[in-house]
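These protein sequences, in sequence, are chains A and B.
According to the numbering used here, the stretch in the first sequence is residues 40 to 174, in order.
According to the numbering used here, the stretch in the second sequence is residues 20 to 900, in order.
Glycine included, C-beta positions come from ideal geometry on N, C-alpha and C.
Presented below is the structure to which this report refers.
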Amino acid sequence: MKPFHLILLVLAGIGIATVISMYGNTTQYVAFPDAQRIAQENPGKTVHVVCKLNKAKPIVYDAQTNANRLEFYGFDSLNNESKVVFTKPKPAQFEHLEKMVLIGTYDKDHFLATEILSKCPSKYEDAPGATTASK
Amino acid sequence: MNQTPAPIVFNGEWLWLGNLGHVFVILSFVASLLSAIFYFQHEQNKLGNSLIWGKRFFQIHAAAIVAVFVVLFSIIFYHRYEFHYAWRHSSNSLPVYYMISCFWEGQEGSFLLWLFWNALIGLVLQRTAKDWESPVMVVVAFAQIALGSMLLGFHWGELKIGSSPFDLLREQRPDFLNIPILGQLGVGNYLQVFKDGNGLNALLQNYWMVIHPPTLFLGFATAIVPFAYSIAALWRNNDRGWIAHALIWGLICVGILGLGIIMGGFWAYEALSFGGYWAWDPVENASLMPWLIMASAAHMLIITKATGRHLFTSHLLTQLAFWLVLYATFLTRSGILGEASVHSFTDLGLSGQLLLFLLAFLALGLVVVLQGTQRRIALISIAAVLFVPMILAYSIKSPEAVETFYQWLKGLGTVLFLGWLVYYVYALYQRTKIEMDDEKLHSREFWMFLGSMFLILSLVQVFAATSIPVFNKLFGYKTAVPSAADYNRVQLWLAMPIMLLMSLGYWFKFRGTEWSNIKKPLTQIGIGVIIITALLMFGFDIKEFKFVLFLLLSVALILANTVYGYQKKKWEWLRWGGNIAHVGFGVLLMGVLVSSVNKNILSASKEGIDLAPEVDQKGNQDVKGIKFNRENQLLYKGKPQPLQQYTALYIDERKGVGADSIDKFFKVAFIKKDDQGKTVDSFILEPKTQNNPKMGLLAEPSTRHFLHKDVFTHVNYESSMDRKEPFSNFRVDTVGFFRPFITQTGKVVMTIDSINRSKDSNGLRIQLAIKAKRLGDSVWLRPEFLINEQTGSFDMQPAESNRFGIMAAILNLQIIDPNPATQNIRFVIQTGEKTPVWDYIVIQVIEFPWINLVWAGTIIMVIGFVLAVLNRIKKQQQLTS
């Protein structure tokens, strides 16, 4: 074997190791009960939960008490409900969000989200009649 | 009897304009097709005038593309909302200079822009490619056919070929014709209702968004040229003359693409509120991937040009670079990224066509690589038979009954595609492999090769991570997209060997170097690097080992290339290109390191302050060791708040210019004092919010730039977003000037101080200045009363103060003496009360040290690329003359 091929082999090895370690570190989209289990087995590991806001329950954000705490209730994709605490200010038009991805970990009785990914309800395509009616 | 309804006549539509545009689309498509055929005839069969015809048709094609551009712009400019594109992406209030941005908000416009750049590049190639013109232009024209088909907008039942930018609103959105108001007006008059468009995404209304997308697209477009030369060379029986051309265009591509990417980062930093310039968002990665591989390919081309080695790798990487551009297009335009990206792109249902596009270019490569007509025909036809049903499976929504069959088809298609790709690489290797001795360890080509391979490793990680949504879709996984930290952890280590090789590479000569010749300068540089790094470590305050190592390597990169340039090239600036580009890259990476490692969130809460319920005894960490993003501070209006070494004061807010502006600017002062209490630094920032009816609160940051740092701030929440408590304790008083009156509870005392009359088209406007006092504090209220003199009707505009929790409205006027000079008027004033609230904002303030290095590095790098390209062109001209 030529030394050149050895170098190529080493490079390929680094490449494969990089990719494997990265996939090993990725998290899965999980449901709330799984998040709870993972938090017990593996404290500190963050997970992703696809969540739907429960619009029937209160959304609590009082900036003057704590500007970095938002509380609400949400359903995961299997319709399990959980209390969620988010450690940032309330995102704009939060009440209208259809779907969001929570990133964080489970803490006792609530999911502690450090990040919420959401598509802003951009671009409502309303006919002019409809928009004027809502004003 | 069954009566067919009379066809509806639609009034006021400029259908001719759309038809004209569509004619140009078809003309450009046909012209590119003919151009490709004639160029092909010339290359393959040297048929009479075919070269001239190929040239002419491509010029016609380019002219038609410009015409399509003009027509689409006119539709937007004249607000012709009968066309879906104009309605969807523009509005009446859109300034002319942002109208151009409408082109890249929609997919059709983006494809048009790409076509435009390719056409321009084609015209340049007609002048510069010389004897390579015909095979190269076949490939460019082929790309134009593929891109042009994306705009055709032909429909056969479920199957859709392209999406026309000239589609009509009423055809795209037939539901709009059913809105109730049209019942009275008549459906034919729908344009009287659709007088305004849906508008351009507010985030795109930024001057950086006028310049960043076209630059990026130009970078993407130039990637086709090295690819075309590679294909042309294989076509011409493995001719070696392609390398010099491909290298020039490869360098142009890396330079422009790099500039475009950083421009995007600058836009994100200046206009978006995620607090940074790079977030490893899939859309950002999609533009980074072609850059990484093209940078790698350009270096391989340099090696092949100088030594004749690695011809296969040069071919492979130049071709992969173009495929990655296509893959990036597929990722961002097919809607597959879904929730993985904050960039929202709609799916036009063209996934199948985009895949076909990818496959067509792979087929093109295969045709030129394989030898022997029969083998070519056999392989291509087998592939076609297998792939057509699979492309259809991607294009047509599956009927439910055969859902699994469709899934199965798609899966098979993916496996076949990968198999085909592997076979292609193998065939390419067989065609272009070169038997040569190994390069020497002390040769430049060896180190350059190694560096290029590390760039590819970096690419592999980005590719694997960015493609996760694709794998999820293909194999039904549920893997979440990696976070920025996942990328940083890997890329930090991969960047280091690249930096080391970039510093050393130039010192080695091609084919071999005497160790003794470079021992001395490299030792001297090494000592210099250690001293400078030690100084910078303290200057930048970098302590962690891996970051110090990164810093050291960036210093080495800058120093080694500067010294080399000076020693070997003296003042021949044109030859400095490569070194300057390397130095720029070093400066950029140094800036990235310092600005992110020592990023300081000024608004982060410290231990002991503002203890939140879920914080444990240790302070900012919860029991599981996750650091909280406790990064926002509440500022009450008029109340100073310490933010580390600064004191922030929310002074006031103002509305944007224009009566119906939805912009709000918050004036926040930052003051820094030294130990003696003397002000050493003070400045005012005005972060903006836009209460966008379509998108909610959009925050635009405001940044104070210093040479050595930036202070960046944006508003995340403000008191007017709270639910309003209604007023109560109403009370009505009839009072004159200077006569004190009180609110219901007596807490606030008011006096009317002055009156202001003005006349406009709405009638007479009376504004009172009322001074409200409470416990030694006072505030001005300015309620208004409007009298329409023609109709005699009146209207009122109450005024309120949240801080005092009061409101005042003028209900009526009682004029005792008609002569206003005597000021003998009584006003009927209604007052109301509620719990006083102080206005506040919740802001995030971040200090980015030395972020200017990132921008400076980019500029230096671009200068380096310009010099390198000029130098290569000069060499090429000397060679041919």
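- Excluding five sequence positions before and after W286 (chain B), the CB atoms of its chain that fall closer than 7 Å to its own CB belong to N225, W227, M228 and H231, given in chain order.
- By the neighbour-count criterion, in which 16 or more other beta carbons inside 10 Å mark a residue as buried, Y116 (chain B) falls on the exposed side.
- Under DSSP, V123 (chain A) forms a beta bridge with A:F111 and A:F150.
- For Q663 (chain B), the secondary structure class from DSSP, reduced to helix, strand or coil, is coil.
- Runs of beta strand (DSSP E) with 3 or more residues, each lying fully within the segment 858-896 of chain B, are found at 859-868, listed in chain order.
- Contact between the segment 597-615 of chain B and the segment 576-588 of chain B is present: 3 or more CB-CB pairs across the two stretches fall below 8 Å.
- In the DSSP assignment, A503 (chain B) falls within the alpha helix (DSSP H) that extends over A503 to L523.
- Per the Cβ contact rule, the segment 131-145 of chain A is in contact with the segment 76-88 of chain A (3 or more Cβ pairs under 8 Å).
- Taking 7 Å as the cut-off between beta carbons, the residues of the segment 496-521 of chain B near chain A are K497, T498, A499, P501, D505 and V509, in sequence order.
- According to the DSSP assignment, M467 (chain B) belongs to the alpha helix (DSSP H) that extends over R463 to T485.
- Residues of chain A with a Cβ closer than 7 Å to the Cβ of L476 (chain B) are, in chain order, L50, I53, G54 and T57.
- Fewer than three Cβ pairs drawn from the segment 260-267 of chain B and the segment 156-174 of chain B lie within less than 8 Å of each other, which leaves the two stretches out of contact.
- Of all residues in the segment 86-110 of chain A, only H87, A102, Q103, N105, A106, N107 and R108 come within less than 7 Å of chain B when Cβ atoms are compared, listed by chain position.
- Rounded to whole angstroms, the gap between the alpha carbons of K691 (chain B) and V699 (chain B) is 6 Å.
- Secondary structure note for A314 (chain B): its alpha helix (DSSP H) is the uninterrupted segment P301 to T326.
- Under DSSP, D682 (chain B) takes part in a beta bridge, and its partners are B:Q709.
- At least 8 Å separates the CB of Y425 (chain B) from every CB of chain A.
- Contact of Y68 (chain A) with chain B by beta-carbon distance below 7 Å involves K497 and A499.
- Taking K149 (chain B) as the centre and dropping the five residues before and after it, the same chain places the C-beta of T899 closer than 8 Å to its C-beta, in chain order.
- Per DSSP, reduced to three states, the secondary structure at N93 (chain A) is coil, with no helix or strand assignment.
- Contact with chain A is found for D457 (chain B), since one of that chain's Cβ atoms lies less than 8 Å from the residue's Cβ.
- Taking the C-beta atoms as reference points, S306 (chain B) is found nearer than 8 Å to A347 (chain B).
- F823 (chain B) and V767 (chain B) have their C-alpha atoms spaced approximately 8 Å apart.
- A check of alpha carbon separations from A74 (chain A) across A:L117, A:K41, A:L48 and A:K138 identifies A:L117 as the nearest.
- The beta-carbon distance between N304 (chain B) and T485 (chain B), rounded to whole angstroms, is 4 Å. This is short enough to meet the 8 Å contact definition.
- Look at A483 (chain B): its C-beta is under 8 Å from a C-beta on chain A.
- At a cut-off of 8 Å between beta carbons, N821 (chain B) makes no contact with chain A.
- Partner residues in the beta bridge of R845 (chain B), as assigned by DSSP, are B:Q833.
- Around the beta carbon of N105 (chain A), 16 or more other beta carbons lie within 10 angstroms, which makes this residue buried.
- In the three-state scheme derived from DSSP, where H, G and I count as helix and E and B as strand, E80 (chain A) is classed as helix.
- Close partners of L716 (chain B) in chain A (Cβ separation under 9 Å): P130, A131 and Q132.
- For the pair N617 (chain B) and V574 (chain B), the Cα-to-Cα distance works out to about 18 Å.
- Counting every other CB atom within 10 Å of its CB across the protein chains shown gives T552 (chain B) a total of 16 or more, marking it as buried.
- Under a 10 Å Cβ-count criterion, P199 (chain B) is classified as exposed, with fewer than 16 other Cβ atoms of the shown protein chains found around its own Cβ.
- Taking the Cβ atoms as the reference, R776 (chain B) lies roughly 53 Å from T126 (chain A), outside the contact range of under 8 Å.
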